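Colleague: Residue numbers (full-length UniProt numbering): 1 to 351.
The beta carbon of each residue, even a glycine, is placed where N, CA and C say it ideally should be.
Predicted model only: the values in this text are computed from it and were never measured.
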């Protein structure tokens with residue numbers, strides 16, 4: 001705007017100089033018009049700023065990496081007289097990246113018209129992408145001067161990671177690990193005496209302590225109790241996402257690692273818990289994963305993750321959240337997608 005103003009002032013000075021040198025009616029009229037034009041332009045732009053609006057319309061909830069995503073924008077000219085010449089500024093970037101790409105869309109809108117503007121973008125990373133209208137410039141008749149209308153409309157598109165299976169071995173220790181739970185298996189028995197899996201006839205290898213004496217007396221045959229197997233979370237998948245060193249690429253890799261690991265564990269019927277530190281609420285977010293559906297729910301929730309800065313608070317919340325809880329293995333996924341099991345990096349994951 002400063003360059004335009006300086007350029008216009010220079011043009012007025014040149015016209016004024018020529019008017020003084022060659023006192024002609026044409027130069028007189030040109031000088032008067034050049035002096036009055038900014039005033040008329042200001043009045044026109046002031047009127048149009050209240051008549052021209054823009055916003056974000058239909059936005060897809062999710063998309064895929066490196067795939068074209070369509071966002072519907074709109075511009076509305078409520079004036080019944082003036083055409084609206086505009087330039088819309090759109091910002092796109094990751095929710096936590098701090099880096100936004102600016103794109104511009106310009107055009108002319110007739111009086112009383114509402115125009116839909118399809119806007120396309122792609123993302124090379126997974127995560128939550130922010131689409132925001134940063135502002136709109138409206139121009140006068142000849143496009144010499146403009147006025148900026150502030151806009152604050154924004155929307156988010158979740159770029160979901162692809163969940164591919166990864167090679168890992170679930171050991172017998174993890175398969176038979178008993179974790180506290182409110183749900184019990186209907187397919188196999190266990191050693192949790194708080195719940196009975198089934199009552200059946202006595203077999204030679206059964207313990208005498210498992211005999212159900214009341215039912216034995218009633219049935220006139222030895223009957224034993226089989227205890228239930230609790231469907232608790234036997235593996236903890238911890239997401240380590242500190243502010244230091246975080247990036248859009250790193251967060252994308254962390255999402256992809258979590259998607260592949262959790263989908264593989266769910267396919268192996270290994271119930272596990274995904275968790276991370278949520279600093280703004282000073283708590284540990286816990287997500288039980290037992291099926292493919294819960295994996296998709298987990299990934300959708302992870303898109304809202306924010307990096308933390310207070311490591312001492314993270315440690316305190318972690319100790320409080322998992323006090324008294326035990327896991328067969330603790331898998332940590334860092335902010336770059338790296339995976340360690342119980343503090344060790346493994347070529348082939350063994351849980």
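Suppose contacts are defined by Cβ-Cβ distances below 7 Å. Is residue 336 in contact with residue 253 by that definition?
Modeller: On the chain shown, position 336 is the one that residue 336 refers to. On the chain shown, position 253 is the one that residue 253 refers to. Yes.
Colleague: Note down, in chain order, each residue of its chain lying with its Cβ closer than 6 Å to the Cβ of residue 44, except the 5 sequence neighbours on either side.
Modeller: The residue given as residue 44 occupies position 44 in the chain shown. Taken in chain order, the residues that qualify are 140.
Colleague: Closest to residue 149 by CA distance: which of 345, 54, 123 is it?
Modeller: Position 149 of the chain shown, counted from the first residue, corresponds to residue 149. Minimum Cα distance to residue 149 is reached at 54.
Colleague: Leaving out the 5 sequence neighbours to the left and right, which residues in its chain are closer than 6 Å to residue 250 when beta-carbon positions are compared?
Modeller: By one-based count along the chain shown, residue 250 stands at place 250. Correct list, in chain order: 335, 336.
Colleague: Near residue 118, what residues of its chain come up, given a Cβ to Cβ distance below 7 Å and the 5 sequence neighbours on each side ignored?
Modeller: For the purposes of this step, residue 118 is taken as residue 118 along the chain shown, with counting starting at 1. Excluding residues within five positions, the ones whose Cβ falls inside 7 Å are 70, 72.
Colleague: If we call anything under 7 Å between Cβ atoms a contact, is residue 354 one with residue 328?
Modeller: Only positions 1 to 351 of the chain appear in this structure, which leaves residue 354 out of reach.
Colleague: Between which two residues does the alpha helix (DSSP H) containing residue 82 stretch?
Modeller: Within the chain shown, the letter at position 82 stands for residue 82. That residue, residue 82, is in no alpha helix (DSSP H); it is neither H nor E in DSSP.
Colleague: Around the C-beta of residue 77, are 16 or more other C-beta atoms found within 10 angstroms, so that it is buried, or is it exposed?
Modeller: The sequence position of residue 77 within the chain shown is 77, counting from 1. Residue 77 should be labelled buried.
Colleague: Can we say the stretch 96–106 touches the stretch 159–168, given the rule of at least three CB pairs closer than 8 Å?
Modeller: no
Colleague: Can you have a look at residue 94 and say buried or exposed, based on whether 16 or more other CB atoms are within 10 angstroms of its CB?
Modeller: Start at 1 with the first residue of the chain shown, and residue 94 comes out as number 94. Counting Cβ neighbours within 10 Å, residue 94 comes out buried, since at least 16 surround it.
Colleague: Note down the Cα distance separating residue 265 from residue 60, rounded to an integer number of angstroms.
Modeller: What you label residue 265 is simply residue 265 of the chain shown in a count that begins at 1. What you label residue 60 is simply residue 60 of the chain shown in a count that begins at 1. Spanning the two alpha carbons is a distance of roughly 29 Å.
Colleague: Report the rounded CA-to-CA distance for residue 342 versus residue 256, giving the unit in angstroms.
Modeller: In the chain shown, counting from the first residue as 1, residue 342 sits at position 342. In the chain shown, counting from the first residue as 1, residue 256 sits at position 256. The alpha-carbon atoms of residue 342 and residue 256 are separated by roughly 20 Å.
Colleague: At the level of alpha carbons, what is the spacing between residue 262 and residue 272?
Modeller: Taking the first residue of the chain shown as position 1, residue 262 is located at position 262. Taking the first residue of the chain shown as position 1, residue 272 is located at position 272. Cα-Cα distance, rounded: 8 Å.
Colleague: Return the CA-CA distance between residue 112 and residue 58, expressed in angstroms with no decimal places.
Modeller: In the chain shown, the residue the question calls residue 112 occupies position 112. In the chain shown, the residue the question calls residue 58 occupies position 58. Approximately 21 Å, taken between the alpha carbons.
Colleague: On the three-state DSSP scale, how would you describe residue 47?
Modeller: Along the chain shown, read from residue 1 onward, the residue named residue 47 stands at position 47. Correct three-state label for residue 47: helix.
Colleague: Is DSSP giving residue 261 helix, strand or coil here?
Modeller: The residue labelled residue 261 in the question sits at position 261 within the chain shown. In this structure, residue 261 counts as helix in the three-state DSSP scheme.
Colleague: Drop a sphere of 10 angstroms on the beta-carbon of residue 223, count the other beta-carbons inside from all chains shown, and report buried for 16 or more, exposed for fewer.
Modeller: Within the chain shown, numbered from 1, the residue matching residue 223 stands at position 223. The residue in question, residue 223, is buried, as its Cβ has 16 or more Cβ neighbours within 10 Å.
Colleague: Excluding the five sequence neighbours on either side, which residues of its own chain have a C-beta within less than 8 Å of the C-beta of residue 166, listed in chain order?
Modeller: One-based indexing of the chain shown puts residue 166 at position 166. Excluding positions up to five away in sequence, the list reads 260, 261, 264, 349.
Colleague: Got a sec, what are the start and stop residues for the beta strand (DSSP E) residue 299 sits in?
Modeller: If you number the chain shown from 1, residue 299 lands on position 299. Premise fails: residue 299 lies in the alpha helix (DSSP H), 292–302, not in any beta strand (DSSP E).
Colleague: How big is the Cα-Cα spacing for residue 50 and residue 147?
Modeller: Here residue 50 corresponds to residue number 50 of the chain shown, with the count starting at 1. Here residue 147 corresponds to residue number 147 of the chain shown, with the count starting at 1. Straight-line Cα distance between these residues: approximately 11 Å.
Colleague: For chain C, find out if any of its Cβ atoms is closer than 7 Å to the Cβ of residue 332; answer yes or no.
Modeller: This model lacks chain C altogether; it includes just one protein chain.
Colleague: Please classify residue 42 as buried or exposed, where buried requires at least 16 other C-beta atoms within 10 Å of its C-beta.
Modeller: Translated into the one-based positions of the chain shown, residue 42 becomes position 42. Residue 42 is exposed by the Cβ-count criterion.
Colleague: According to DSSP, is residue 186 helix, strand or coil?
Modeller: By 1-based counting over the chain shown, the position of residue 186 is 186. Caution applies to residue 186, whose pLDDT of 44 falls short of 50 and renders its modelled position unreliable; the model cannot decide the point.
Colleague: Skipping 5 residues on each side, what residues in its chain have a beta carbon closer than 8 Å to that of residue 295?
Modeller: What you label residue 295 is simply residue 295 of the chain shown in a count that begins at 1. Within the same chain, residue 295 has close Cβ partners 163, 259, 262, 263, 266, 289.
Colleague: Looking at the ligand SAM, does it come within less than 6 Å of residue 97, judged from the CB to the closest heavy atom?
Modeller: You won't find the ligand SAM in this model; it holds no ligand whatsoever.
Colleague: Keeping to the same chain, check which residues put their C-beta closer than 6 Å to that of residue 91; ignore five residues upstream and five downstream.
Modeller: Translated into positions along the chain shown, residue 91 becomes position 91. So the qualifying residues of the chain are 100, 102, 132, 134.
Colleague: What's the gap between the Cα of residue 283 and the Cα of residue 319?
Modeller: Working through the chain shown from its first residue, we reach residue 283 at position 283. Working through the chain shown from its first residue, we reach residue 319 at position 319. Straight-line Cα distance between these residues: approximately 11 Å.
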